[in-house]
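*Asks:* Just so we're aligned, residue 42 is where the sequence shown starts under the numbering used here, counting upward by one. Beta carbons: idealized from backbone N, C-alpha and C, even for Gly. Dropping a structure here in C-alpha cells format, bear with me for questions.
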Amino acid sequence: YIDGTDLEKIIRRLRRQRRLIPPHLAVHIVAETCMALDYAHQRRDAFTNKPLNLVHQDISPSNIMISRFGAVKLIDFGIASVKRHHKEKRDNKLRGKIPYMAPEQLLMGNHPDHRSDLFSLGLVLYEALTGHRLFHSQEELIAAGKNAKWLRKVLRGTKMPAQLGRILNRALEIDLSRRYQSANHMYIDLLQYLISCNETGELMEQLAEFVGPHIPPTTPTHSITAPVSTTPQTTADGSVPYLSTPSGTNHRVESAPLLQDAPDPVEPQPIPEPPDPPVRTQNFFTSELDEFDDEDDVKTVIDVLRISARNHKRRLLQGSVAVLTALLAFGILDTLQGWTPAGRWLSDRLFPPAIKITTVPPGAKLKLDGDPVPGETPVAIAKIAPGVHKLEVSLAGYKPIVKSLFVPRKGGIRIQGTNGNARTYIFRFSTDIAVTSQPPQATVYINGVRFNHPTPCSFSWEVGAPLALELEHAGFEKLSGFSLDTAEGFDQVDDRRFWQLTVLKDGYTHYAVKGLFRKKVYFETTPSSVAIVDVKTDQTIGYSDATDGIYLTAGKHELELRKDNFIPRRLTVTIDKKSPERIKAVLSRRVRFGAIDELAVNQNDVHAQVVSLKIGNREYLRNARTTPFELQLPAYSFTAVFAKDGYQNTEVKFGPRARSVQAEMERAKSILDINVLDGITGLPVAGAEIYINLVDSPQTGDTFFDQTGANGQGFGEVPPGRYLFKVSKTGYNKIERVVITQAGETSSLTFKLYPSN
Numbered sequence: 042y043i044d045g046t047d048l049e050k051i052i053r054r055l056r057r058q059r060r061l062i063p064p065h066l067a068v069h070i071v072a073e074t075c076m077a078l079d080y081a082h083q084r085r086d087a088f089t090n091k092p093l094n095l096v097h098q099d100i101s102p103s104n105i106m107i108s109r110f111g112a113v114k115l116i117d118f119g120i121a122s123v124k125r126h127h128k129e130k131r132d133n134k135l136r137g138k139i140p141y142m143a144p145e146q147l148l149m150g151n152h153p154d155h156r157s158d159l160f161s162l163g164l165v166l167y168e169a170l171t172g173h174r175l176f177h178s179q180e181e182l183i184a185a186g187k188n189a190k191w192l193r194k195v196l197r198g199t200k201m202p203a204q205l206g207r208i209l210n211r212a213l214e215i216d217l218s219r220r221y222q223s224a225n226h227m228y229i230d231l232l233q234y235l236i237s238c239n240e241t242g243e244l245m246e247q248l249a250e251f252v253g254p255h256i257p258p259t260t261p262t263h264s265i266t267a268p269v270s271t272t273p274q275t276t277a278d279g280s281v282p283y284l285s286t287p288s289g290t291n292h293r294v295e296s297a298p299l300l301q302d303a304p305d306p307v308e309p310q311p312i313p314e315p316p317d318p319p320v321r322t323q324n325f326f327t328s329e330l331d332e333f334d335d336e337d338d339v340k341t342v343i344d345v346l347r348i349s350a351r352n353h354k355r356r357l358l359q360g361s362v363a364v365l366t367a368l369l370a371f372g373i374l375d376t377l378q379g380w381t382p383a384g385r386w387l388s389d390r391l392f393p394p395a396i397k398i399t400t401v402p403p404g405a406k407l408k409l410d411g412d413p414v415p416g417e418t419p420v421a422i423a424k425i426a427p428g429v430h431k432l433e434v435s436l437a438g439y440k441p442i443v444k445s446l447f448v449p450r451k452g453g454i455r456i457q458g459t460n461g462n463a464r465t466y467i468f469r470f471s472t473d474i475a476v477t478s479q480p481p482q483a484t485v486y487i488n489g490v491r492f493n494h495p496t497p498c499s500f501s502w503e504v505g506a507p508l509a510l511e512l513e514h515a516g517f518e519k520l521s522g523f524s525l526d527t528a529e530g531f532d533q534v535d536d537r538r539f540w541q542l543t544v545l546k547d548g549y550t551h552y553a554v555k556g557l558f559r560k561k562v563y564f565e566t567t568p569s570s571v572a573i574v575d576v577k578t579d580q581t582i583g584y585s586d587a588t589d590g591i592y593l594t595a596g597k598h599e600l601e602l603r604k605d606n607f608i609p610r611r612l613t614v615t616i617d618k619k620s621p622e623r624i625k626a627v628l629s630r631r632v633r634f635g636a637i638d639e640l641a642v643n644q645n646d647v648h649a650q651v652v653s654l655k656i657g658n659r660e661y662l663r664n665a666r667t668t669p670f671e672l673q674l675p676a677y678s679f680t681a682v683f684a685k686d687g688y689q690n691t692e693v694k695f696g697p698r699a700r701s702v703q704a705e706m707e708r709a710k711s712i713l714d715i716n717v718l719d720g721i722t723g724l725p726v727a728g729a730e731i732y733i734n735l736v737d738s739p740q741t742g743d744t745f746f747d748q749t750g751a752n753g754q755g756f757g758e759v760p761p762g763r764y765l766f767k768v769s770k771t772g773y774n775k776i777e778r779v780v781i782t783q784a785g786e787t788s789s790l791t792f793k794l795y796p797s798n
C-alpha cells in the first residue's frame, strides 16, 4: 500500500484547473522513475548471475505513484516480461496502453526490450510537462512511427528549453539505435538539466508539498465552518499574499490562476481543499487543455479483464457452489485412490506410510530385497518389516542407486548415506562427466571452484544440478562459457568452436566434454584482405589484416590463402603456447612477358631477352628468358630490363597486381663521325654547321646535328633511317648529301666545302 496518488490523477486534476506541474518537479518525477526502471532492467538471476532482461511494458502516468512524502514509486509489473532464450516461442500479444506504446511494438511487431520502456517514459515526460498526451490513438502512434520528421516538428512546437528538448527528442527517437540505450543514461541527462536550473535541493520535500492537496487524508474528517471567500486579498504591490499550507510554512502563490470567484455563501460549507503549494513555474510550455477535460482513463488488457470479472461476479458466485461440491467429492476420491500429486500428499498426511521415496529425475522403479515395488517415484512404501533391507532405485539411462535400509523395531527408519526428514527421502541420480582438453594438463574449474585434477579427468555429478565448466592453460586464453543441463541432456555454449560435447549412452547416459584452447592470430599478407580458408571444411574463417585477428585452436591447421587473380597458397599452422601471434605470407601470380618494336605496325614479338628482374635492389631472375614467356612471381613490385641487338635496352616497372608486362623496344641509334674539309686546301673547316632532315618524313623540318670544332669534326647519334645532311659555312658553298644509317652501326662521313668566290 502506498499512501499517495498516481501521476495520472494529478495531471487530470491540474488540467481541469488549467494548470501544469512545475517543470523541475515533472523532470524530478521522471528521473526517479528512471532509477526504478534501471534497477529492473539490470536485475540478474540469483543462481546463474545472467541478466533477466526484465521489461515493464506498461509505463504510463497511472503506474507512477507519488507518496504523501514525495517518494516516487513505479508500480504494476503485472504484465512485465522476461526475454527468454532465443529458441523459445515469443508471445506476440500487445501489452500495455496504446497511447504509451513504442512504435516498434505496433508498426514493426518487434518484441519489446528495455528501450521500449524508455520511449513510453518519454511520452510520460511530455504529458507531465505539457498537460496532454502526445498520442491519443493507435493511428497517431503508427503515423509518428512512419514519419519521424513529423514527430520532431511536434516536439519543437512545445517551446521548451533546448536541453530538455534534446532529452525528449532522444527518448522519443523512432530509431532504436539512436534512442537512450539505458534508463541510467536518461537519468543522468535529466539530473544535469536540474543542476543547470539550480533545482537539485530538497526536491522530495517540494514534491510532497505540491502533491499534498491532491492526496485524500488518511483519516477523513468533516467540520462545518463559515464560508471562505476564494478571492485572495492583494497587497499594496499587487501580488498574492502568503497563505498557510498544511505543513505550516508560508508561501507566496505565484502560478495558481483562479477560474472564477466563489458565490456568496448562503449556508455553511465544508472546508475547501487547501490551495496547491507554492511552486516556481516557467511559461515555456503550450497546452491545449480544454479538449482533454473529460478524458477517460486509458485501460490495459488487464483493466478490461478486471471490469469483466466484476460484471460477471454474480454469475460466478452462483456456479461456485456447484464447483466446490464437485471438487470436494473429487478430493475425497483422490485422497483414497491417489490419482494426483495433491491427493497422494493428503493421503500421506492422513495415512502416513512407512517411507516415501522421491527421485530426480522422477519416474524411477524401486526394488526392496529384489522384489519390485509397485508404481514409480515418487512412491510410498506402507509397511516394511524390521531389519536390514536392500533398496534398489533404477531409471533408464542412469546408473542404479543401491542403498541399505535399516528398520528398527522402535524408532525411525534409516537409509545409508542419507538424512531423511519425516520419512521422505530424495535420491538424485548421478552421471559421469569426462573432461579433456587440447592441449592436455589444463586446470578445471567447476562452478567457479578449482578441481583437484587437471585434464584429462572425470567426476560424478548429480542430475539436474547446475554445472558450469572453465578451463585454464598457460600460454592460452581462459576457456569459459560452457554449461551443461544433465537433466535435459543439452549444453549452452557461447562459442561452439572451442567446446565439444559428446553424449554417451553405453548402458547409461554420461558425457564427454572437450575444451579446445585457442590463440588469436593476426595474418599479414601481400596483397591485403586475403581470405583465410580452413581446408578441411572449405569454410572462410576470416581475412588477413583484420584488426580483431582470427581465433585458431591448439594443434595443426591446414589453411589456404585465397584472393581473386592470385594463386592460392597453403599453409600449415601449428598453434601451441609458444606459437607466434603474427603470420606473414605473400601470394603469387602468373605474369606474361612480351616485347614489340615501338615503330612496327604488326605488333609481333621481337623475341627480346629479359636480362634482369629485380625486387628493389635484389635480383630475382637467375637466367635470362626470351619473350614471350610466363613466370610465377610473388605479389611485389618488380623492375624488368629487356635487351635485343639493334634495340636500346628497355626498363619496365610493374606492381604486385600486374598480370602482363610488355616492353616497347626502341631501335638502337647510329653513331656518326663527320669531318668537314676545305675542298681546295684539304684543311679542316671549323665552325661549319650540320643540319639533318629525315627523308621519309620531310615535314619534320631541318634539325641541328652539330657544329665542327677546330679540327673540323662533328659527332652525334641518330635513329636508323634515310637522312639528308646539309653542311654550310659563311664564305663556302652549301653542300647536301643523303645518308642511310643502320641501327647500332658507327659511320664516318667526310664533307668538302668550296669557297664561294
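With a 10 Å radius around its C-beta and 16 neighbouring C-beta atoms as the bar for buried, classify residue 293 as buried or exposed.
*Replies:* With a pLDDT of only 34 at residue 293, under 50, the local geometry of the prediction cannot be trusted, and the value read off the model is given with reservation. So residue 293 counts as exposed.
*Asks:* Around the Cβ of residue 170, are there at least 16 other Cβ atoms within 10 angstroms (buried) or fewer (exposed)?
*Replies:* Buried.
*Asks:* Could you tell me if residue 161 is buried or exposed, where buried requires 16 or more neighbouring beta carbons within 10 angstroms of its beta carbon?
*Replies:* So residue 161 counts as buried.
*Asks:* Please report how far the alpha carbon of residue 291 lies from the alpha carbon of residue 109, in whole angstroms.
*Replies:* Since pLDDT at residue 291 reaches only 36, below the 50 mark, its modelled position is unreliable, and no value is offered.
*Asks:* Compute the Euclidean distance between the alpha carbons of residue 759 and residue 748, then round it to the nearest angstrom.
*Replies:* The straight-line gap from Cα to Cα measures roughly 15 Å.
*Asks:* How is residue 712 classed by DSSP in three states: helix, strand or coil?
*Replies:* Note: residue 712 maps to strand in three-state DSSP.
*Asks:* What three-state label does DSSP hand residue 794 in the structure shown?
*Replies:* The answer is strand: DSSP assigns residue 794 an E or B state.
*Asks:* On a CA-only basis, which of 669, 398 and 233 is nearest residue 465? Give me that one, please.
*Replies:* Nearest option by C-alpha distance: 398.
*Asks:* At what residues does the beta strand (DSSP E) containing residue 65 begin and finish?
*Replies:* Looking at the DSSP string, residue 65 is not in any beta strand (DSSP E); the run it does join, the alpha helix (DSSP H), is 64-82.
*Asks:* Going by CA-CA distance only, name the one from 737, 535, 770 and 730 that's closest to residue 756.
*Replies:* For residue 756, the nearest C-alpha among the options comes from 730.
*Asks:* Let me check one thing: in DSSP terms, what residues is residue 513 bridge-paired to?
*Replies:* Answer is 484, bridged to residue 513.
*Asks:* Under 8 Å, do residue 38 and residue 613 count as touching if we go by C-beta distance?
*Replies:* The question about residue 38 has no answer, for the chain in this structure spans 42 to 798.
*Asks:* Using a Cβ-based criterion (distance less than 7 Å to any ligand heavy atom), does residue 374 qualify as near the ligand SAM?
*Replies:* Among the components of this structure there are no ligands whatsoever, and the ligand SAM is therefore not found.
*Asks:* How would you label residue 640, buried or exposed, when you count the other beta carbons within 10 angstroms and need 16 or more for buried?
*Replies:* By the 10 Å Cβ count, residue 640 comes out exposed.
*Asks:* Using 8 Å as the threshold, is the region 730-742 in touch with the region 683-700, meaning 3 or more CB pairs across them?
*Replies:* No, they do not touch.
*Asks:* In chain order, what residues of the same chain have a beta carbon less than 6 Å from the beta carbon of residue 442, not counting five sequence neighbours either side?
*Replies:* 434 and 468.
*Asks:* Return the chain-ordered ranges of every beta strand (DSSP E) run that is complete within the region 722-780 and spans a minimum of 3 residues.
*Replies:* Listed in chain order, the complete beta strand (DSSP E) runs (minimum 3 residues) inside the region 722-780 are 730-735, 744-748, 754-759 and 762-769.
*Asks:* Please classify residue 785: does DSSP put it in a helix, a strand, or coil?
*Replies:* Looking at residue 785 - three-state DSSP - the assignment turns out to be coil, as it is neither helix nor strand.
*Asks:* Since residue 432 sits in a beta bridge, which residues does DSSP pair it with?
*Replies:* Answer by DSSP bridge pairing, in chain order: 409 and 444.
*Asks:* Nearest to residue 480 by alpha carbon, out of 519, 439, 557 and 672?
*Replies:* That would be 557, whose Cα lies nearest to the Cα of residue 480.
*Asks:* Buried or exposed, going by whether 16 or more other CB atoms sit within 10 Å of the CB of residue 155?
*Replies:* By the 10 Å Cβ count, residue 155 comes out buried.
*Asks:* Spell out a yes or no on whether the region 567-587 and the region 624-639 are touching, meaning 3 or more CB-CB pairs, one atom from each, closer than 8 Å.
*Replies:* Touching, yes, given that three or more Cβ pairs across the two stretches are closer than 8 Å.
*Asks:* Pick helix, strand or coil for residue 642, following the three-state DSSP scheme.
*Replies:* Here residue 642 sits in coil by DSSP.
*Asks:* Suppose contacts are defined by Cβ-Cβ distances below 8 Å. Is residue 561 in contact with residue 541 by that definition?
*Replies:* Not a contact, by the Cβ cut-off of 8 Å.
*Asks:* For the alpha helix (DSSP H) that contains residue 398, what are its first and last residues?
*Replies:* Element bounds for residue 398: not the alpha helix (DSSP H) but the beta strand (DSSP E), 396-401.
*Asks:* With distances taken Cα to Cα, identify the nearest neighbour of residue 486 among 172, 472, 67 and 522.
*Replies:* Minimum Cα distance to residue 486 is reached at 522.
*Asks:* Can you tell me whether DSSP reads residue 719 as helix, strand or coil?
*Replies:* Strand, per DSSP.
*Asks:* Can you find the residues in the same chain that come closer than 6 Å, C-beta to C-beta, to residue 350, ignoring five residues on each side of it along the sequence?
*Replies:* Caution is warranted here: a pLDDT of 49 is assigned to residue 350, below 50, making its placement in the model unreliable, and the coordinate value is therefore given only provisionally. So the list is empty, once near-sequence residues are dropped.
*Asks:* What runs of the beta strand (DSSP E), each 3 residues or longer, lie entirely inside the region 611-688?
*Replies:* Taking only runs of at least 3 residues, the beta strand (DSSP E) segments lying wholly in the region 611-688 are 623-627, 629-638, 650-656, 670-675 and 679-684.
*Asks:* Can you tell me the Cβ-Cβ gap for residue 470 and residue 401, rounded? I've got them flagged as a contact below 8 Å.
*Replies:* The Cβ separation is near 7 Å, so the contact holds.
*Asks:* Between the beta-carbon of residue 549 and the beta-carbon of residue 504, is there less than 8 Å?
*Replies:* Going by C-beta atoms, residue 549 is not nearer than 8 Å to residue 504.
*Asks:* Can you tell me whether DSSP reads residue 206 as helix, strand or coil?
*Replies:* Looking at residue 206 - three-state DSSP - the assignment turns out to be helix.
*Asks:* Taking the alpha helix (DSSP H) that residue 185 falls in, what are its first and last residues?
*Replies:* Residues 179-187.
*Asks:* Give a yes or no on contact between the region 179-189 and the region 45-53, applying the rule of three or more CB pairs nearer than 8 Å.
*Replies:* Touching, no.
*Asks:* For residue 164, which residues from the same chain have a beta carbon less than 6 Å from its beta carbon, with the 5 sequence-adjacent residues on both sides left out?
*Replies:* So the list reads 141 and 175, once near-sequence residues are dropped.
*Asks:* Is residue 771 buried or exposed, if buried means 16 or more other CB atoms sit within 10 Å of its CB?
*Replies:* Result: exposed.
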